[in-house]
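*Asks:* One structure, as structure tokens, below. Some questions next.
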């Protein structure tokens with residue numbers, strides 16, 4: 041049943057995303073006893089300029 | 041007051057979306073006694089390649 | 041595939057919630073062509089005192 | 041720790057968004073005692089045609 | 041129209057929450073030109089033991 | 041920066057949840073190149089009676 045939503049900056053490759061959702065699905069099966077059949081992993085890509093940490097947008101950060 | 045968020049694959053037509061939000065609004069009014077005035081229905085369209093079920097992305101699925 | 045999240049005040053009965061999720065599921069099947077098998081409807085009940093409209097919390101509102 | 045998500049119609053300028061996330065961050069620090077370092081403010085821009093109020097999509101509304 | 045969701049640890053007082061939603065509403069009106077009438081601010085309180093930062097749950101953190 | 045939200049039925053133990061957030065954090069670091077410092081994993085536990093699949097609530101399902 042679980043639904044996992046990953047909010048992260050835009051920019052990962054398709055291969056990274058595919059490997060990521062497989063690893064998260066495995067983690068849910070292994071540690072939460074979830075059944076894969078109804079286990080959704082949804083990626084929300086957010087532009088850096090729409091995501092602030094400590095009041096500073098991603099595209100303005102120096103780190 | 042309620043806020044209903046619909047997360048689904050990209051690709052429905054405007055007519056489908058309009059009919060959908062009306063039907064969901066009606067369902068909320070009929071079954072949850074919600075007042076339409078402050079009832080929001082928000083559609084989040086997610087690309088197939090960003091949505092995995094059972095660890096497999098939508099654009100890789102055979103079904 | 042779709043995931044519908046309903047955020048509303050605490051307080052509906054189980055019968056109301058059951059009728060609501062059936063009606064929303066029907067709306068998704070009828071108007072968005074969704075397959076029921078992987079269609080989730082998740083209800084988030086939020087206390088009135090944690091939900092503000094126009095800056096006023098639900099438990100302070102006069103309407 | 042807090043994560044604040046702002047869902048609103050597409051269309052604000054970068055300056056508006058920057059000022060908005062600073063003000064929301066200040067509000068969280070002032071009123072909720074949050075530490076800025078791990079305080080995220082995420083903006084989800086949603087097209088008017090995907091957001092209904094009282095069953096009517098944003099791009100169809102007269103007000 | 042906007043909907044602002046604040047996810048934070050359980051534990052703020054009602055007065056803190058009321059002041060917080062007023063300040064966030066003001067920020068949305070001032071900086072995003074939002075109309076207060078349909079502006080929702082929803083607080084999701086999450087127990088520390090259900091929120092991890094850097095892989096460590098809130099109730100296990102030393103800082 | 042990423043924020044991962046896990047929505048699942050109520051009922052996992054603290055040990056399961058701790059192991060789960062560590063595994064998801066590792067997956068994000070390994071496959072999405074995320075830095076652990078600002079990586080949040082938030083668990084939303086939802087009662088079975090508030091989560092429907094194919095129009096049937098979790099506490100009514102036979103499987």
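Residue numbers (my numbering), protein chains in the order written: chain U, 41 to 103; chain H, 41 to 103; chain G, 41 to 103; chain V, 41 to 103; chain S, 41 to 103; chain A, 41 to 103.
Cβ atoms here follow ideal geometry from the backbone N, Cα and C, with glycine treated the same way.
All values derive from a computational prediction rather than experimental measurement.
If you measure between the beta carbons of residue 82 of chain G and residue 49 of chain A, is that distance less than 8 Å?
*Replies:* no
*Asks:* Using the C-alpha atoms, what's the distance from residue 77 of chain V back to residue 68 of chain S?
*Replies:* Each residue's Cα considered, the two are about 22 Å apart.
*Asks:* Give me the Cα-Cα distance between residue 71 of chain U and residue 59 of chain A, rounded to the nearest whole angstrom.
*Replies:* 6 Å
*Asks:* Mapping DSSP to helix, strand and coil, what is residue 68 of chain H?
*Replies:* helix
*Asks:* Does any residue of chain A have a CB that is nearer than 8 Å to the CB of residue 71 of chain V?
*Replies:* No, because no Cβ of chain A sits closer than 8 Å to the Cβ of residue 71 of chain V.
*Asks:* What do you reckon, are the CB atoms on residue 47 of chain U and residue 86 of chain U nearer than 8 Å?
*Replies:* yes
*Asks:* Might you give, ordered along the chain, the residues of its own chain that have their beta carbon closer than 6 Å to the beta carbon of residue 74 of chain A, omitting 5 neighbours on each side?
*Replies:* Here the set comprises 42 and 68.
*Asks:* Using 8 Å as the limit for Cβ to Cβ distance, is residue 96 of chain V near chain A?
*Replies:* no
*Asks:* Suppose you measure from the CA of residue 63 of chain S to the CA of residue 98 of chain G; what does that come to, to the nearest Å?
*Replies:* Here the C-alpha atom of residue 63 of chain S lies approximately 16 Å from the C-alpha atom of residue 98 of chain G.
*Asks:* Does residue 102 of chain U have its Cβ less than 8 Å from a Cβ in chain H?
*Replies:* Chain H contact via Cβ: absent.
*Asks:* Is DSSP giving residue 94 of chain H helix, strand or coil here?
*Replies:* coil
*Asks:* Rounded to whole angstroms, how far is the Cβ of residue 84 of chain S from the Cβ of residue 44 of chain S, which I believe are closer than 8 Å?
*Replies:* Actually they are not in contact, since the Cβ atoms of residue 84 of chain S and residue 44 of chain S sit about 11 Å apart, beyond 8 Å.
*Asks:* Tell me, please, whether the CB atom of residue 49 of chain H is closer than 8 Å to any CB atom in chain U?
*Replies:* no
*Asks:* Between the segment 81-93 of chain H and chain V, which residues of the former have a C-beta closer than 8 Å to a C-beta of the latter?
*Replies:* 81, 82, 83, 84 and 85
*Asks:* Determine which residues share a DSSP beta bridge with residue 43 of chain H and list them.
*Replies:* H/80 and G/47
*Asks:* Just checking my contact of residue 54 of chain A with residue 89 of chain S at CB under 8 Å: how many whole Å lie between their CB atoms?
*Replies:* 6 Å
*Asks:* Which residues of chain H have a Cβ atom closer than 7 Å to the Cβ of residue 76 of chain U, listed in chain order?
*Replies:* 94 and 95
*Asks:* Can you check DSSP and say which residues form a bridge with residue 85 of chain S?
*Replies:* S/48
*Asks:* Taking C-beta pairs closer than 9 Å, name the residues in chain S that residue 46 of chain H reaches, listed in chain order.
*Replies:* Chain order gives no chain S residues near residue 46 of chain H, where near means a beta carbon separation below 9 Å; the closest approach is about 14 Å.
*Asks:* Give me the residue from U/57, U/51 and U/52 with the minimum Cα distance to residue 100 of chain H.
*Replies:* U/57
*Asks:* How long is the line joining the alpha carbons of residue 65 of chain A and residue 51 of chain A, rounded to whole angstroms?
*Replies:* Here the alpha carbons of residue 51 of chain A and residue 65 of chain A stand approximately 21 Å from one another.
*Asks:* Are the C-beta of residue 61 of chain U and some C-beta of chain G separated by less than 8 Å?
*Replies:* no
*Asks:* Expressed to the nearest angstrom, what Euclidean distance is found between the alpha-carbon atoms of residue 94 of chain S and residue 61 of chain A?
*Replies:* 9 Å
*Asks:* Helix or strand or just coil, what does DSSP make of residue 63 of chain G?
*Replies:* helix
*Asks:* Identify the contact partners of residue 52 of chain A in chain U, using a Cβ-Cβ distance below 9 Å as the criterion.
*Replies:* 71, 72 and 73
*Asks:* I need the DSSP call for residue 54 of chain A, collapsed to helix, strand or coil.
*Replies:* helix
*Asks:* Distance, Cα to Cα, residue 102 of chain G vs residue 102 of chain H?
*Replies:* 54 Å
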